Structures are given as C-alpha cells and as structure tokens.
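Structure record follows, encoded as structure tokens.
Numbering (the working numbering), first residue to last: 661 to 955.
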C-alpha cells in the first residue's frame with residue numbers, strides 16, 4: 661500500500677488485525693502523511709480506542725465510528741454514507757451444528773459456530789484472550805477452554821478464509837458444510853463434564869443473558885450516551901441481536917428484568933460469577949414498574 665496516496669484524505673479507516681502494536685504502527689505511519697485536520701478511525705472490535713490513540717500525535721482525531729470523540733460528526737457522516745446505522749457510545753460441549761441450530765432458532769441471524777468461521781478463528785481467539793485478560797471474571801469463558809481456538813490457529817484452521825475451521829469449506833462453494841473432524845477431536849480432548857443438563861433453552865439463555873447484562877452495564881457506566889434506544893439499535897444492527905426481540909432493553913421491558921435476574925442467578929450458582937447481574941439490572945428487577953424505555 662502506498663500510504664502517500666492518503667495525503668489529501670479527510671478520513672482514513674483502519675481495519676488491520678486486532679493487535680495493539682500493529683494498529684499503533686499503522687496510525688503513526690498514516691499520521692505522517694494525512695492532513696492535521698483528518699480523522700483516523702479504527703475498526704477495532706475489542707481494543708479500547710484510547711490505547712490505540714496513545715500512539716497518536718493528535719489523539720483527539722483518533723476515533724472509532726462508534727466512539728464519542730471530537731471527530732464524531734465526521735465519523736457519523738461517513739457511517740451514513742456507507743449506509744450504516746450510526747449510534748453514539750464512549751469507549752459440556754454441544755456440536756457446532758447444534759450450536760448453530762440453537763442460536764438461529766432463538767433469532768440470531770447466523771449460527772454462532774458459522775459466525776466464528778466467517779470472522780476468522782484467529783480473530784476470535786485474539787479477542788477472547790484479550791477480553792478474558794482485561795475484564796477477568798466478567799468476561800471469563802463459561803464452560804469452555806480457549807486453548808481449543810489456540811490449537812486451531814496453530815494448525816491453520818482459521819475458518820472460511822483458510823478453507824477449514826469449525827466446518828470444511830470446499831472450493832466448489834457448496835452451501836452445505838460438514839463439521840471438521842479435527843475440531844471435534846480437539847473439543848473432545850478439552851471437554852469437561854457438564855455441570856447441568858444442556859437443553860437447547862439453557863444453551864440459548866447462557867449466551868443471551870450475558871449479552872443482555874453487558875448491554876445494561878454499558879448503560880450503567882454511561883457508555884450509551886443516548887440511552888437504551890442506542891443500545892437496542894446498536895445491538896440489532898451492529899451485533900446481530902435477534903431483531904424479533906427488539907434489542908436487549910426492549911426485551912427486558914417486555915419480559916421483565918426479574919425473570920432475567922432469576923435465570924442469571926441460576927447460572928451463577930452453576931457456572932460462576934461471570935453470570936452476576938449488574939446493579940442496574942438488579943435495580944430494575946426489584947421494581948417491576950421500572951422501565952428502560954419511557955412509556
């Protein structure tokens with residue numbers, strides 16, 4: 661890439677691998693060329709934007725398209741031009757096929773095993789490792805071992821881009837993909853004794869409850885600048901939250917925060933403190949009349 665061609669750019673979007681040092685180096689290289697008024701936007705999915713901006717000569721011009729910084733107006737404009745929905749924020753195994761079936765049946769637009777292959781197993785591993793290290797118990801892996809992902813990466817099983825990941829992807833572009841037996845063997849080697857029966861509903865809510873709790877925690881910590889509406893819009897359009905459920909906050913208003921807390925308390929007793937409900941969710945659970953969206 662000839663970076664000198666960026667000299668007249670008003671905004672540069674970076675989308676390299678999720679590695680902090682790499683992103684910081686790209687930022688430094690680009691800043692040597694672009695105008696002082698230009699915005700550098702990182703497409704990071706896990707790294708805190710302030711850590712990337714720490715390498716910048718003008719951190720106020722470093723942004724994510726979804727981060728609240730002085731370059732917000734430019735980021736929003738570019739997002740809209742790309743046809744995106746823009747929101748504002750601050751900084752016991754089942755088989756892969758069974759996981760896909762359970763998540764799609766719940767309303768997710770794509771099975772989570774397939775999603776991992778599409779994103780790239782190397783990226784999934786890196787993000788999982790970063791989040792579990794940075795947020796400790798809150799982002800601890802529940803009922804699994806990320807060493808499975810590490811060994812897949814070492815073996816070159818990176819997902820669709822390498823032709824094999826959790827599934828096999830033949831060159832004839834078949835719409836039917838077979839499970840990768842090498843991965844099934846890995847899963848068996850790292851398997852643990854289930855602590856409770858793995859019903860489809862239990863699998864669905866073990867995934868769903870932590871997602872919803874994290875959304876409420878974002879609201880609690882002031883990350884969702886414009887409140888629950890942005891949380892619902894961002895979850896549905898940006899993260900693939902089941903559209904039929906309306907978003908995490910709409911779901912809680914319709915089905916009750918107390919019901920979610922009850923499920924999480926059950927999971928916490930079985931699987932650990934990563935299922936601890938945040939204080940704002942607990943507050944809403946104790947008051948049935950308390951709604952996230954104004955009536």
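Using N, Cα and C, we set each Cβ at its ideal position, and we do this for glycine too.
Keep in mind that this is a model prediction, so the values were computed, not measured.
Assigned secondary structure, residue i (DSSP; H/G/I helix, E/B strand, else coil)
{"i": "residue 839", "result": "strand"}
{"i": "residue 674", "result": "strand"}
{"i": "residue 775", "result": "helix"}
{"i": "residue 938", "result": "coil"}
{"i": "residue 921", "result": "helix"}
{"i": "residue 949", "result": "coil"}
{"i": "residue 694", "result": "coil"}
{"i": "residue 760", "result": "helix"}
{"i": "residue 663", "result": "helix"}
{"i": "residue 895", "result": "helix"}
{"i": "residue 668", "result": "coil"}
{"i": "residue 955", "result": "coil"}
{"i": "residue 769", "result": "coil"}
{"i": "residue 943", "result": "helix"}
{"i": "residue 754", "result": "coil"}
{"i": "residue 857", "result": "coil"}
{"i": "residue 927", "result": "helix"}
{"i": "residue 903", "result": "helix"}
{"i": "residue 727", "result": "Because residue 727 carries a pLDDT of 40, less than 50, the predicted location of this residue cannot be relied on, and no value is offered for it."}
N- and C-terminal bounds of the beta strand (DSSP E) containing residue i
{"i": "residue 701", "result": "699–702"}
Where the alpha helix (DSSP H) containing residue i begins and where it ends
{"i": "residue 863", "result": "860–880"}
{"i": "residue 682", "result": "680–691"}
{"i": "residue 807", "result": "807–814"}
{"i": "residue 712", "result": "709–713"}
{"i": "residue 793", "result": "781–795"}
{"i": "residue 612", "result": "Absent from the structure is residue 612, since the part of the chain shown begins at 661 and ends at 955."}
{"i": "residue 912", "result": "908–915"}
Cβ pair residue i, residue j closer than 8 Å
{"i": "residue 776", "j": "residue 826", "result": "yes"}
{"i": "residue 806", "j": "residue 785", "result": "yes"}
{"i": "residue 941", "j": "residue 873", "result": "yes"}
{"i": "residue 918", "j": "residue 945", "result": "yes"}
{"i": "residue 707", "j": "residue 680", "result": "yes"}
{"i": "residue 762", "j": "residue 864", "result": "yes"}
{"i": "residue 709", "j": "residue 697", "result": "no"}
{"i": "residue 953", "j": "residue 903", "result": "no"}
{"i": "residue 839", "j": "residue 755", "result": "yes"}
{"i": "residue 767", "j": "residue 819", "result": "no"}
{"i": "residue 686", "j": "residue 666", "result": "no"}
{"i": "residue 869", "j": "residue 935", "result": "yes"}
{"i": "residue 788", "j": "residue 809", "result": "yes"}
{"i": "residue 879", "j": "residue 891", "result": "yes"}
Opposing strand residues paired with residue i [DSSP bridges]
{"i": "residue 827", "result": "839"}
{"i": "residue 819", "result": "824"}
{"i": "residue 722", "result": "700"}
Residue i Cβ short of 7 Å to the ligand MN heavy atom set
{"i": "residue 805", "result": "Ligands displayed in this structure: none; no statement on the ligand MN is therefore possible."}
- At least 3 beta-carbon pairs within less than 8 Å: the segment 907–915 vs the segment 837–856: Taking a cut-off of 8 Å on C-beta distances, the segment 907–915 does not touch the segment 837–856, as fewer than three cross pairs fall below it.
- Three or more C-beta pairs below 8 Å linking the segment 669–680 and the segment 690–706: Inter-segment contact for the segment 669–680 and the segment 690–706 is present: three or more beta-carbon pairs are separated by less than 8 Å.
- Inter-stretch contact at 8 Å, needing at least 3 Cβ pairs: the segment 930–950 / the segment 894–904: For the pair of segments examined, the segment 930–950 was found not to touch the segment 894–904: the number of CB pairs separated by less than 8 Å stays below three.
- Three or more C-beta pairs below 8 Å linking the segment 855–869 and the segment 807–827: With a cut-off of 8 Å, the segment 807–827 and the segment 855–869 do not count as touching, because too few Cβ pairs lie within range.
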